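Residue numbers (this note's numbering): 1 to 112.
This is the structure in structure tokens:
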């Protein structure tokens, strides 16, 4: 028995958790996402984790320069290997986002 009332329950849950985190934190949203990026690096997060957080972070005012600043600030703590891996995962996440956008544009063009 399949319940298709919600096609993305995990993504919806993560979105709610993120929204609750923003509302509950004493940090401003930009700072909150800088801390989240640092935590992602520290735990060796996957590209999809970066994609989810950077997308919302961008909406909250997080810039590329902020991400560089976070990576630079935490490198002495987490090490160069973690920062290098994180950089690769961020690039992978951004490339995947671009591919999805290209696919959406192609699908829209096909509909016209």
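All C-beta atoms, glycine included, are put in the ideal place defined by N, C-alpha and C.
Values in this document were obtained by computation on a predicted structure and should not be read as measured data.
Let me make sure I understand the geometry here. Which of the options has the alpha-carbon closest to that of residue i?
i          : options      : result
residue 44 : 107, 89, 105 : 89
residue 15 : 38, 57, 39   : 57
Only counting the same chain, and skipping five residues up and downstream in sequence, which positions put a Cβ closer than 7 Å to that of residue i?
i          : result
residue 29 : 22, 60, 61
Tell me whether residue i is buried or exposed, calling it buried when 16 or more other Cβ atoms sit within 10 Å of its Cβ.
i          : result
residue 54 : buried
residue 69 : exposed
residue 51 : buried
residue 18 : buried
residue 40 : buried
residue 11 : exposed
Can you find the residues in the same chain that come closer than 8 Å, C-beta to C-beta, to residue i, ignoring five residues on each side of it along the sequence?
i          : result
residue 46 : 89
Apart from the five residues just before and just after residue i, which ones in its own chain have a Cβ nearer than 6 Å to its Cβ?
i          : result
residue 83 : 71, 75
Counting pairs of Cβ atoms below 8 Å between the stretch 93-110 and the stretch 69-84, do you hit three or more? no
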